[in-house]
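Asker:
In our numbering, the protein residues as written are 65 to 134.
(1) Does residue 97 come out as helix, strand or coil in the three-state DSSP assignment?
(2) If you draw a straight line from the C-alpha of residue 94 to the C-alpha of residue 126, how long is it?
(3) CA-CA distance, residue 70 and residue 97?
(4) State the start and end residues of the unbroken beta strand (DSSP E) segment that holds residue 89.
(5) For residue 65, does the three-state DSSP call read helix, strand or coil?
Pasting the structure below:
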């Protein structure tokens, strides 16, 4: 798992919250898949636009099952 995420009770939670676009772009992994158009703000390849992210109050959780990044 990259240094951008931490294990929490909710799952693999993005450490930098909802307002860190540079960090969200840098954290994109090999499993990135663009979410549906109505679920994204733009076409930027970013964890914020990935179909596997689920928003929380403060950040998002990566819901991708399988191998973790090292």
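Note that the Cβ used here is the ideal one computed from N, Cα and C, for glycine as well.
Answerer: Judging by the given coordinates:
(1) For the purposes of this step, residue 97 is taken as the residue at position 33 of the chain shown. Note: residue 97 maps to coil in three-state DSSP.
(2) The residue you call residue 94 lines up with position 30 of the chain shown. The residue you call residue 126 lines up with position 62 of the chain shown. If I take the Cα positions, the gap works out to 13 angstroms.
(3) The count along the chain shown starts at 1 and reaches residue 70 at position 6. The count along the chain shown starts at 1 and reaches residue 97 at position 33. Computed Cα separation, rounded: 21 angstroms.
(4) Walking along the chain shown from the start, residue 89 turns up at place 25. Looking at the DSSP string, residue 89 is not in any beta strand (DSSP E); the run it does join, the alpha helix (DSSP H), is 85-90.
(5) Within the chain shown, numbered from 1, the residue matching residue 65 stands at position 1. For residue 65, the predicted structure reports a pLDDT of 49, less than 50, and the residue's modelled location is therefore unreliable. A value from the coordinates is still provided. Residue 65: coil per DSSP, three-state reduction.
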